[in-house]
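Residue numbers (our numbering): 2 to 88.
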């Protein structure tokens, strides 16, 4: 028998958000609210004196039944109303 062959899987979904890009950006760039939506990240905070701008650092506390850990992240994109990203 030859190797198992698999077919490419494609998944698509869409959502209608009844808010302006600026309103959505204000929510997602406020990392202190992440615990309200994440099933794993229970708390997030900015490093002292920092906020949602490129180069800023924040820490998130994650909790699962098996363990608790913290992850420090850096904001890499902060374009109000368009994009907010970290690594």
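Ideal placement from N, C-alpha and C gives every residue a C-beta, glycine not left out. Note that this is a predicted model, so its numbers are computed, not measured.
Straight-line gap, residue i to residue j (C-alpha atoms, nearest Å)
i: residue 30; j: residue 24; result: 10 Å
i: residue 61; j: residue 27; result: 18 Å
i: residue 77; j: residue 86; result: 6 Å
i: residue 52; j: residue 32; result: 9 Å
i: residue 46; j: residue 83; result: 22 Å
i: residue 65; j: residue 35; result: 15 Å
i: residue 7; j: residue 57; result: 43 Å
i: residue 59; j: residue 79; result: 14 Å
i: residue 68; j: residue 88; result: 22 Å
Identified DSSP bridge partners for residue i
i: residue 78; result: 86
i: residue 71; result: 62
Beta strand (DSSP E) segment containing residue i, residue limits
i: residue 46; result: 42 to 47
For residue i, the first and last residue of its enclosing alpha helix (DSSP H)
i: residue 27; result: 22 to 29
Quiz item: Taking three-plus beta-carbon pairs below 8 Å as touching, is the region 10 to 20 in contact with the region 64 to 73?
Solution: no
Quiz item: So, do the region 28 to 47 and the region 2 to 14 have three or more beta carbon pairs nearer to each other than 8 Å?
Solution: no
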